[in-house]
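Asks: In this note's numbering, the protein residues as written are 56 to 286.
Questions regarding the structure given below will be posed in turn.
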């Protein structure tokens, strides 16, 4: 009975992590350039049990193996703003200079920041948007549409989330390379790639599995209390 208690407890804890991933996707349903995450689970170690001439396997619950980012193209939404940019290539990114180094984003909602009487193109967090050479882009008017740098990676799945719809390059993703003749729509923004229907289905599945594991924990606890009271 102790095994059933800890097996169900492990499932409950890790399913909560899956619920958190789905909840974060739903929370960013309207976030420009946001890319949905998906949780992948794996079984914990099995114990081999000999039953007569048969060999059975007893599981020990599940665990969250990894969380992947789905780099799917979001729908373009027309805004008419000269400083709004929408990438039409799912594996391309804008580069911004943050306090933690250069990061990459799909959010093309840019603005002008005045610094020492000179205007620079920045993202919603105030980070400088970079050109193809990695330099901040100067801009004088909201009606201008300066050329921005567009970059890609050999393995987008290796990128690490950095918050604020930004990603960091890693050894798995490789270094950023400049995209020549990128497909960019000016006056448009990319909608979130989150599919609300898919997320609702995932949430229901996680909740049902969570409830089942919680019930097993409760039943195991009740049985252990009953056994202890007989001593």
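No residue lacks a Cβ here, since even glycine has one placed at the ideal position from N, Cα and C.
Please confirm if the stretch 190-209 is in contact with the stretch 234-245, defined as three or more CB-CB distances below 8 Å between the two stretches.
Replies: Yes, the stretch 190-209 is in contact with the stretch 234-245.
Asks: Residue range of the alpha helix (DSSP H) that residue 269 falls in?
Replies: Residue 269 -> alpha helix (DSSP H) spans 251-284.
Asks: Could you pull the start and end residues of the beta strand (DSSP E) that residue 167 belongs to?
Replies: Per DSSP, residue 167 belongs to the beta strand (DSSP E) from 166-170.
Asks: For residue 233, which of helix, strand or coil comes out of DSSP?
Replies: Residue 233: strand per DSSP, three-state reduction.
Asks: Buried or exposed for residue 90, going by 16 or more other Cβ atoms inside 10 Å?
Replies: Residue 90 should be labelled buried.
Asks: Residue 128 by DSSP, collapsed to three states: which one?
Replies: Reduced to three states, the DSSP call for residue 128 is coil.
Asks: Determine the extent of the beta strand (DSSP E) in which residue 175 is found, giving its start and end residues.
Replies: Its beta strand (DSSP E) spans residues 173-177.
Asks: Can you tell which of 88, 83, 74 has the C-alpha that lies nearest to the C-alpha of residue 95?
Replies: Nearest option by C-alpha distance: 74.
Asks: Please confirm whether residue 77 and residue 265 have their CB atoms less than 8 Å apart.
Replies: No, these two residues do not count as a Cβ contact at 8 Å.
Asks: Spatial neighbours of residue 271 within its chain, please: C-beta separation below 7 Å, excluding the five flanking residues on both sides.
Replies: If we look at residue 271 and ignore the five residues flanking it on each side, its Cβ neighbours are 59, 63.
Asks: Using three-state DSSP, classify residue 194 as helix, strand or coil.
Replies: It is coil, neither helix nor strand.
Asks: If contacts are defined as beta-carbon pairs under 8 Å, then residue 242 and residue 133 qualify, I think. What distance do you get, rounded to the angstrom?
Replies: Confirmed, about 6 Å.
Asks: Should residue 201 and residue 176 be called a contact, given that it needs their Cβ atoms to be closer than 8 Å?
Replies: Cβ distance < 8 Å, so residue 201 and residue 176 count as in contact.
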